[in-house]
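Trainee:
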Amino acid sequence: MSTPAINPSVLNSDFMRIGEELDRIAGADRAHIDVMDGHFVPNLTFGPSMVEQMARRSPIPLDAHLMIENADREALAYAEAGAESVTFHLEAANAPVRLARELRRAGVKVGVGLRPATPVEPLLDILGEFDMVLVMTVEPGFGGQSFLESMLPKIRRTRQAISAANLELSIQVDGGIKRETIALAAEAGADVFVAGSAIYSADDAAAEITALRELAAAHACRA
Ligand code: DX5
Ligand code: ZN
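Shown next, in the form of structure tokens:
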């Protein structure tokens with residue numbers, strides 16, 4: 640388990656002022672960039688050229704979350720765009736091991752994402768191919784939804800499997816993370832926390848990042 644990381648999602652920021660919006664979260668660990676293609680999820684956001692511009696402009700590294708079909712073909716472009724980590728969805732990859740290896744060869748950390756209805760068990764024999772498992776705590780597509788407490792057992796099972804295999808993966812949670820929910824996810828074993836609306840709707844984004852980080856550290860799981 641690493642010290643808790645807070646990765647604010649820019650999904651609910653003001654895209655017309657994205658540079659300044661990235662500056663607002665300069666005290667966070669990474670900027671979480673939600674790439675949506677209008678097919679895997681019913682929403683459309685950024686492509687590789689926008690991610691490349693954000694990577695150049697951002698004061699902190701980018702954590703790209705690809706909610707796209709055809710991850711096998713398109714994920715590499717986000718590594719080349721300069722993201723520090725690239726997370727693709729297990730549901731969208733035909734050959735997740737091959738893709739994870741290609742991404743690692745391209746020099747990025749690799750995450751694998753699970754929609755709420757996708758169990759972690761299909762990953763258990765291939766966990767070593769990844770640096771991070773993303774357990775979605777809402778149905779992906781939009782910011783501002785409520786945290787699904789029904790995902791806590793999956794977070795716990797994932798943490799147990801990582802410990803049992805003596806691996807060092809992070810568990811990222813994404814969706815509905817705010818002061819009221821972050822402790823639950825931390826206690827279950829998450830150590831990377833995405834928060835979109837909680838941070839961008841706060842008057843003081845920097846203070847919100849600090850408060851979330853302190854809550855996560857106070858409730859960190861010891862597994
Ligand atoms: C949802 C995205 C999230 C979203 C989180 O599909 O993956 O990253 O921005 O937003 P909040 O924190 O508002 O639930
Ligand atoms: Zn996301």
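Here my numbering is used: the first residue of the sequence shown is 640, the next is one more, and so on. Ideal Cβ placement from N, Cα and C applies to all residues, glycine included.
1) What residues match up with ASN646 in a beta bridge as DSSP calls it?
2) What is the DSSP secondary structure of THR776, reduced to helix, strand or coil?
3) Between the alpha carbons of ALA720 and SER688, how many angstroms are there, rounded?
4) In angstroms with no decimal places, state the Cα-to-Cα distance between ASP843 and ASP813.
5) Let me check you understand the geometry: is the CB of PRO779 closer than 8 Å to at least one non-hydrogen atom of the ligand DX5?
6) For ILE672, does the three-state DSSP call read helix, strand or coil?
7) How about LEU650: is its Cβ closer than 8 Å to a heavy atom in the ligand DX5?
8) Among ALA850, SER648, GLU660, HIS678, which residue has its Cα nearest to the Cα of ILE672?
9) Taking contact to mean 3 or more Cβ pairs, one atom from each stretch, closer than 8 Å, check whether the stretch 768-775 and the stretch 746-757 are in contact.
10) Could you give the uninterrupted runs of the alpha helix (DSSP H) lying entirely in the stretch 761-821, keeping only those of 4 residues or more?
11) Quick check: what's the CA-CA separation for ALA845 versus ARG795?
12) So, are the CB atoms of ILE848 and ALA829 less than 9 Å apart?
13) Starting from the N-terminal side, write out each stretch of the beta strand (DSSP E) that is 3 residues or longer and does not extend beyond the stretch 715-755.
14) Closest by CA to VAL690, which one among ALA718, ALA859, GLU819, THR726?
15) Could you tell me whether the Cβ atoms of ARG656 and ASP702 are closer together than 9 Å?
16) When the distance is taken between beta carbons, is LEU851 closer than 9 Å to LEU827?
17) How far does the beta strand (DSSP E) with ALA703 in it reach, from first residue to last?
18) Once you ignore the five residues that flank TYR839 on each side, which residues in its own chain have a CB closer than 6 Å to its CB?
Mentor: Quick look at the numbers:
1) VAL833
2) coil
3) 7 Å
4) 21 Å
5) yes
6) strand
7) yes
8) SER648
9) yes
10) 791-803
11) 29 Å
12) no
13) 724-728, 748-753
14) ALA718
15) no
16) The question names Leu, but residue 827 in the sequence shown is Ala. Against a cut-off of 9 Å, the Cβ pair of LEU851 and ALA827 comes out as no contact.
17) 701-706
18) ASN651, SER652
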